[in-house]
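Contents: one structure, followed by commentary.
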Amino acid sequence: MSTYPHYLERLQAATRKYWDKPALNTIGGDSLTYAEMATAIARFHIIFEKAGFKKGDKIALCANNGARWGFAYLAVNTYETVIVPILADFTPESVMGLVNHSDSVALFTNAARWKKMDPEKMPALKVVFDVDNWDVLLCRDEKIADAVAHWDELFAAKYPKGFGPDDVNFPTDNWDDLSTINYTSGSTGDPKGVMLTYRNFSSIVDYSQRHVPAGDKMVSMLPMAHMYGLVIEFIYPLCNGTSIYWPR
């Protein structure tokens with residue numbers, strides 16, 4: 151038993167408490183309240199479920215910092231699929247290599263990056279989502295295509311009374327399960343995938359909550375695909391009800 155809360159328990163509580171407050175914001179661009187963030191997460195969980203994604207399946211994310219990056223990370227992480235954040239400035243060849251190395255079955259990226267990649271070199275991918283507009287850039291599974299085509303109907307059927315704070319329920323019985331594969335920058339060799347559990351994140355978030363109280367707003371400047379930026383400028387403050395802002 152841990153003596154501190156699971157970080158998804160903290161995130162769940164913050165989401166319910168700060169429902170109408172801005173959560174994820176790209177300066178001069180997208181802005182999502184905690185309510186909009188949670189609703190969008192629930193919508194993607196429906197697609198993941200219809201796709202047959204299971205706990206432990208890998209989903210890669212390669213995009214610029216911003217509100218949509220933050221949302222995509224949380225949609226994967228709260229479904230208990232393993233998120234694989236990849237640095238946005240990696241070459242297309244490196245991105246394809248890490249998607250394959252991690253056995254990722256899905257990828258969040260954008261159209262400009264995707265045009266530079268070769269789908270045939272990533273045979274395990276079932277679907278690719280464009281983070282700029284949530285369009286599907288690649289789909290190799292009819293179940294996913296059908297779910298996307300009926301997204302609104304599926305969401306309305308699951309939440310016939312609408313989606314509210316009480317519908318936000320993130321899993322917390324997964325302390326020692328794999329949460330994230332964080333690849334090193336590879337400055338002295340090939341990137342190495344560091345395997346991190348939900349307990350790892352919960353411990354860091356708890357320490358930060360107790361010793362470095364987050365403010366009402368925070369500007370995030372560091373790469374989200376690196377651990378310090380990911381935890382200290384994103385996950386930890388979000389669990390505190392902080393509004394996070396990323397420069398464009």
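Here the sequence shown stands for residues 151 to 398, where the numbers follow this note's numbering.
Heads up, the beta-carbon is just placed ideally off N, CA and C, and yes, glycines get one too.
>> What would DSSP say about Trp-396, mapped onto helix, strand or coil?
In response: Strand, per DSSP.
> Where Arg-360 and Ile-196 are concerned, what is the direct C-alpha to C-alpha distance, given to the nearest angstrom?
Replying inline: Distance from the CA of Arg-360 to the CA of Ile-196, rounded to the nearest whole angstrom, comes to 35 Å.
>> Suppose the cutoff is 7 Å on Cβ atoms and the five residues either side in sequence are ignored; what does the same chain contact list for Gly-305 look like?
In response: It should be pointed out that residue 305 corresponds to Phe in this sequence rather than to Gly. Taken in chain order, the residues that qualify are Arg-193 and Ile-196.
> If you draw a straight line from the C-alpha of Asp-326 to the C-alpha of Glu-243, how long is it?
Replying inline: Rounded to whole angstroms, the separation of the alpha carbons of Glu-243 and Asp-326 is 32 Å.
> Hey, which unbroken runs of the alpha helix (DSSP H) at 4 residues or more fall wholly within the stretch 225–250?
Replying inline: Whole alpha helix (DSSP H) segments, 4+ residues: zero.
>> Using the three-state DSSP reduction, which class does Val-286 fall into: helix, strand or coil?
In response: Three-state result, Val-286: strand.
> Distance, Cα to Cα, Thr-392 vs Phe-221?
Replying inline: Looking at the backbone, the Cα of Thr-392 and that of Phe-221 are separated by about 15 Å.
> Using DSSP with H/G/I as helix, E/B as strand and the rest coil, what is Gly-202?
Replying inline: Collapsing the DSSP output to three states places Gly-202 in coil.
> Does the pairing of the stretch 302–317 with the stretch 282–294 give three or more beta-carbon distances under 8 Å?
Replying inline: Because the criterion of three Cβ pairs below 8 Å is not met, the stretch 302–317 and the stretch 282–294 do not touch.
> With respect to the alpha helix (DSSP H) encompassing Asp-268, which residues constitute its N-terminal and C-terminal limits?
Replying inline: Note, Asp-268: premise wrong, no alpha helix (DSSP H); not H, not E.
>> Can you give me the C-alpha to C-alpha distance between Gly-165 and Ala-173, rounded to a whole angstrom?
In response: For the sequence presented, residue 165 should be read as Thr rather than Gly. Computed Cα separation, rounded: 9 Å.
>> Suppose contacts are defined by Cβ-Cβ distances below 7 Å. Is Tyr-157 in contact with Val-355 by that definition?
In response: Val-355 sits close to Tyr-157, with the two beta carbons spaced by under 7 Å.
>> Using a 10 Å radius around the Cβ and a threshold of 16 neighbouring Cβ atoms, would you call Lys-416 buried or exposed?
In response: Examination of residue 416 is not possible in this model, given that the chain is present from 151 through 398 alone.
>> Nearest by alpha-carbon distance to Asp-170: which of Phe-320, Pro-321, Gly-314 and Tyr-309 is it?
In response: Looking at the Cα atoms, Gly-314 is the closest of the given residues.
>> Using the Cβ count rule (16 or more neighbours within 10 Å means buried), how would you classify Met-187?
In response: Label assigned to Met-187: buried.
>> Taking a contact to mean a Cβ-Cβ separation below 7 Å, would you say Asp-280 touches Asn-260 in this structure?
In response: Yes, these two residues count as a Cβ contact at 7 Å.
>> Restricting to Cα atoms, I'd like to know which of Lys-266, Lys-265, Val-286 and Val-255 is closest to Ala-274.
In response: Ranking the options by Cα distance to Ala-274, first place goes to Val-255.
> According to DSSP, what are the bridge partners of Phe-279?
Replying inline: Per DSSP, Phe-258 and Val-286.
> What is the DSSP secondary structure of Ser-181, counted as helix, strand or coil?
Replying inline: Strand.
> What is the residue span of the beta strand (DSSP E) that Asn-332 lies within?
Replying inline: For Asn-332, the enclosing beta strand (DSSP E) stretches over residues 328–333.
>> Under DSSP, the beta strand (DSSP E) around Lys-342 begins and ends at which residues?
In response: Lys-342 -> no beta strand (DSSP E), and no H or E assigned at all.
> Helix, strand or coil: how does DSSP classify Leu-304 here?
Replying inline: Note: Leu-304 maps to helix in three-state DSSP.
>> Is it buried or exposed, Met-368, if we count other Cβ atoms within 10 angstroms and call 16 or more buried?
In response: With 16 or more other Cβ atoms within 10 Å, it is buried.
> Along the chain, where does the beta strand (DSSP E) that runs through Leu-158 open and close?
Replying inline: Looking at the DSSP string, Leu-158 is not in any beta strand (DSSP E); the run it does join, the alpha helix (DSSP H), is 157–167.
>> Quick check: the Cα distance between Asn-227 and Val-318, rounded to an integer number of angstroms?
In response: Note on geometry: alpha-carbon atoms of Asn-227 and Val-318 lie some 14 Å from one another.
> Is it right to say Ser-252 is buried, meaning 16 or more other beta carbons lie within 10 angstroms of its own, or is it exposed?
Replying inline: By the 10 Å Cβ count, Ser-252 comes out buried.
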